[in-house]
Amino acid sequence: MNNGSAKASPPLAKPESKEVIANKNLNGTKSNRKGCKEKKKNSIVVKEKDELKHKRRKAEVHMEQQPKEADIWFDDVDPKDIEAAIGPEAAKIARRNLGLETEQSQSVEQVLVKEKAFDGLTRAVAMDCEMVGVGPKGEDSILARVSIVNQFGKCVYDKYVKPTEKVTDYRTAVSGIRPQNINTGEEFKTVQKEVAEILKGRILVGHALQNDLKVLLLDHPQKKMRDTQRYKPFKQRVKSSRPSLKLLCERLLNAQVQTAEHCSIQDAQAAMRLYTLEKKKWEAAVKSKAKIVKHKNTG
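Residues in the sequence shown are numbered consecutively from 1206, following the working numbering.
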């Protein structure tokens, strides 16, 4: 009989429900079902992160393989050679650096003429002449127009010339000359004198220059002539012994000229742009040749 002096017995533990027992595993611990879900979720996240890292690495490698402007040296190198060697992207950079990139928004004039450049006379000038035919069959040529541009492609002289003989073939399809252009033109002697004054002491650039000088009845020191038709490296690049100005511009400048009637201003600009493209090498070759000749003469 309990007289109240004995300590009260601790309450008996409440038996666990079947649901709690069912949630215990074989070791007597609670099921880790929630933990499994967490792990699975974390595993998917890790996998996605790994895939993302892999894609980034792949993109970085691709970017590294793309040529950069600082990685490529373009001085006096034909963009077509660059394209053949290391791909179109490098060639595109080359053309852009050389001012030859001709996208739809860029005209031929933008390729041949330097924007906002000096528009006066420079140490080098380029000249081109248009001619008309005289004689029974119009086979002989006389001067009809002469144009001169400076080193940046800016026109510094452009005049039509009054014919000195009866014109039998205006050659309009090629020359672009019409009767009204030359009937009111400048006197030949005046033009000849003005052109001679401009060319004096300067480097003369042009294409097949002997033809232009012939109709002007002028000559020019050989050492100061830069003829794009006779320049050996150009011949080698386009695989032609007498390359046309049209071919040289198409292959080396990626520009289309002489697509219809010729324009002496544009032809002079094209010759000058070809010269400036190769100027360093060209002038070095001229200097080297002059030294050899001097050495032979003194020896």
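Where is the CB? At the ideal position from N, CA and C, for every residue including glycine.
From a predicted model like this one, the values you see are computed outputs, not experimental measurements.
Excluding five sequence neighbours on each side, which residues of the same chain lie with their C-beta closer than 6 Å to the C-beta of residue i?
i       : result
Thr1327 : Asn1355, Gln1356
Glu1455 : none
Determine the DSSP secondary structure at residue i, reduced to helix, strand or coil.
i       : result
Leu1414 : helix
Ala1460 : coil
Thr1373 : strand
Asp1472 : helix
Leu1422 : coil
Ala1489 : helix
In angstroms with no decimal places, state the Cα-to-Cα distance between residue i and residue j.
i       : j       : result
Lys1444 : Met1336 : 28 Å
Asp1200 : Tyr1375 : Since the first residue of the chain shown is 1206 and the last is 1504, residue 1200 is not available in this structure.
Lys1419 : Asp1432 : 14 Å
Ile1408 : Val1330 : 6 Å
His1412 : Thr1395 : 24 Å
Val1313 : Lys1319 : 11 Å
Gln1441 : Asn1388 : 42 Å
Gly1338 : Val1372 : 6 Å
Thr1503 : Lys1485 : 27 Å
Ala1476 : Lys1501 : 32 Å
Cys1360 : Lys1342 : 33 Å
Is residue i buried or exposed, if buried means 16 or more other CB atoms sit within 10 Å of its CB?
i       : result
Ser1352 : buried
Asn1228 : Because the pLDDT at Asn1228 is just 48, under 50, the model does not fix this residue reliably, and the value given afterwards should be weighed accordingly. Exposed is the call here.
Thr1377 : exposed
Ile1576 : Past the edges of the chain, shown from 1206 to 1504, lies residue 1576, and the structure says nothing about it.
Val1379 : exposed
Leu1422 : exposed
Would the beta-carbon of residue i fall within 7 Å of that of residue j?
i       : j       : result
Asp1333 : Ser1469 : yes
Tyr1365 : Gly1390 : yes
Please go through the same chain and pick out, in chain order, the residues whose beta-carbon is closer than 7 Å to the beta-carbon of residue i, but skip the five residues on each side of it.
i       : result
Leu1414 : Met1430, Asp1432
Glu1506 : Lying before the first or after the last residue shown, residue 1506 is absent from the chain, which here runs from 1206 to 1504.
Asp1321 : What sits at residue 1321 in the sequence shown is Lys, not Asp. Counting only Cβ-Cβ distances below 7 Å, and skipping sequence neighbours, we find nothing.
Leu1452 : Val1443, Ser1445
Below 8 Å CB to CB, which residues in the same chain sit around residue i once its five sequence neighbours on both sides are set aside?
i       : result
Ala1495 : Lys1428
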